[in-house]
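K.L.:
Here it is, the structure in full.
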Amino acid sequence: MITSLALPVLLAVNPLQPAEALLGDLGKLVFLREQQGWKIDRYDVDSLLPDALLSMCRVPEEQRQQAAWELDRRLVASGGPLQSAYQKSGQMAGLDGLLHLSRVQLLFDAARQRAESECPIYIEANHRFAGEQIHPGRWSLGGEGGGVFGVVNSSEGWSFGGGGNARLTINHVFRPRWSARLGLAVGGAALMSPTLSTEDMSVDLNLGIPIALRRHGTIWHTEVEVEPELVGIPFVTELRPAIQLGIAAGFSYVRVRQALPTVGFRMTVTRVAAGQDRPAALALRAGVRVGFDWRLRR
0 MITSLALPVL LAVNPLQPAE ALLGDLGKLV FLREQQGWKI DRYDVDSLLP
50 DALLSMCRVP EEQRQQAAWE LDRRLVASGG PLQSAYQKSG QMAGLDGLLH
100 LSRVQLLFDA ARQRAESECP IYIEANHRFA GEQIHPGRWS LGGEGGGVFG
150 VVNSSEGWSF GGGGNARLTI NHVFRPRWSA RLGLAVGGAA LMSPTLSTED
200 MSVDLNLGIP IALRRHGTIW HTEVEVEPEL VGIPFVTELR PAIQLGIAAG
250 FSYVRVRQAL PTVGFRMTVT RVAAGQDRPA ALALRAGVRV GFDWRLRR
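The letter at position 292 of the sequence shown is residue 291 when you use numbering that gives the first Met the number 0, and the numbering goes up by one with no holes.
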């Protein structure tokens, strides 16, 4: 069902060109530094150059030139250059987008100039470059985990509680901004009734096979997921089949070696089948999760 809904969108996605990927990488580096507090152009640009060069060195010169033209076009479309726009308005209010693009241009120009003499021979230009900071890798290993809070409804009434879950997936980027994910998940939660009585407390574990489709942006990513599960405590209680649907959104940070760190928020709804001594239940859960995509192949 998810594939059939997503297919028209996937077919409409154009391949990500190296020039666009390069600007995406540099834009992400600048954005993340701005969130920390951009101070003095020269020193902030210098501190970003090592990561910027990891992208610039992998882009052929003709694609660098295309990126330069595209960046100039975006600056003009945003009312640039910045100095002229500031002189015209007399204030920086309303110029945030142009200020960001101007910083990207400073980083682009510095990295392009340094690339002529500082790109090592073991970093080769690639006409299929899809991004160093915005692309998890054609094949990657994903690990995610975090805490959850949820409410459960059944014929026995309402209950609520918290717990945690984690998953390990193998990921494949099959379109420039799309990845499919398949793996194993495990989680658990302690639930109690609204009376807060410890006598009504119960504990459940869940084992699942997550199947997810993720859309990657420059900073943000979104995801839809379906996960068949077994709910219960193995060798202690009956294991009941369940189906879970989930949505998630998050963002990634600067790549650390082969790992692309991520932070996100996830919501799920789970339908648990009835068992011999427990009724069917519907669970709604939400929580924050952190993780990484470890690149196995570019």
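For glycine and all other residues, C-beta sits at the position ideal for the given N, C-alpha and C. Just so it is clear, the structure is predicted and the values come from calculations on it, not from any experiment.
1. From R176 to G163, what does the alpha carbon distance come to, in whole angstroms?
2. Figure out for me which residue from S77, Q243 and L47 has the closest Cα to the Cα of K27.
3. From the DSSP output, in three-state form, read off W68 for me.
4. Measuring alpha carbon to alpha carbon, tell me which of D292, W293 and R288 ends up nearest G146.
5. Which value, in whole angstroms, describes the spacing of the CA atoms of L106 and Y42?
6. With L26 as the anchor, note down where its alpha helix (DSSP H) starts and where it stops.
7. What residue range is occupied by the uninterrupted alpha helix (DSSP H) comprising H99?
8. Exposed or buried, which one is S54 when buried takes at least 16 other CB atoms within 10 Å?
9. Please work out which residues of its chain come closer than 7 angstroms, Cβ to Cβ, to G286, disregarding the five sequence neighbours upstream and downstream, and give them in chain order.
10. Going by CA-CA distance only, name the one from Q275, G23 and V150 that's closest to A189.
11. From what residue to what residue does the alpha helix (DSSP H) around P49 run?
12. Taking 9 angstroms as the threshold (C-beta atoms), are A279 and V268 in contact?
13. Using alpha carbons as the reference points, say which of Q34, S153, Y121 and A211 lies closest to D276.
14. Give the single residue among P80, P17, V230 and Q16 whose Cα lies nearest to the Cα of V185.
15. Taking the alpha carbon of L52 as the point to measure from, which residue in P80, L97, D95 and E115 has its own alpha carbon closest?
16. Tell me whether S154 sits in a helix, a strand or coil according to DSSP, three-state version.
17. Is the beta carbon of T261 sitting closer than 9 angstroms to the one on E131?
18. Going by beta-carbon coordinates alone, are P17 and F173 separated by less than 9 angstroms?
19. From L81 to V223, what distance separates their C-alpha atoms?
20. Three Cβ pairs or more, each shorter than 8 angstroms: is that satisfied between the region 115-126 and the region 235-246?
21. Sorted by chain position, which residues of the same chain lie with C-beta nearer than 8 angstroms to D40's C-beta, five sequence neighbours on each side aside?
P.N.:
The relevant details are as follows:
1. Here the alpha carbon of R176 sits roughly 29 angstroms from the alpha carbon of G163.
2. Ranking the options by Cα distance to K27, first place goes to L47.
3. Three-state result, W68: helix.
4. The candidate whose alpha carbon is nearest that of G146 is R288.
5. 11 angstroms
6. Leu is not the amino acid found at residue 26; the sequence shown has Gly there. In the DSSP assignment, G26 falls within the unbroken alpha helix (DSSP H) covering P17 to Q35.
7. D95 to E117
8. buried
9. Excluding positions up to five away in sequence, the list reads G145, G146, V147, F148 and R265.
10. V150
11. D40 to M55
12. no
13. Between D276 and the set Q34, S153, Y121 and A211, the nearest pair of CA atoms involves S153.
14. V230
15. E115
16. coil
17. no
18. no
19. 40 angstroms
20. Segments in contact, no.
21. The residues R102 and L105, in chain order, have a CB closer than 8 angstroms to that of D40 in the same chain once the five nearest residues on each side in sequence are set aside.
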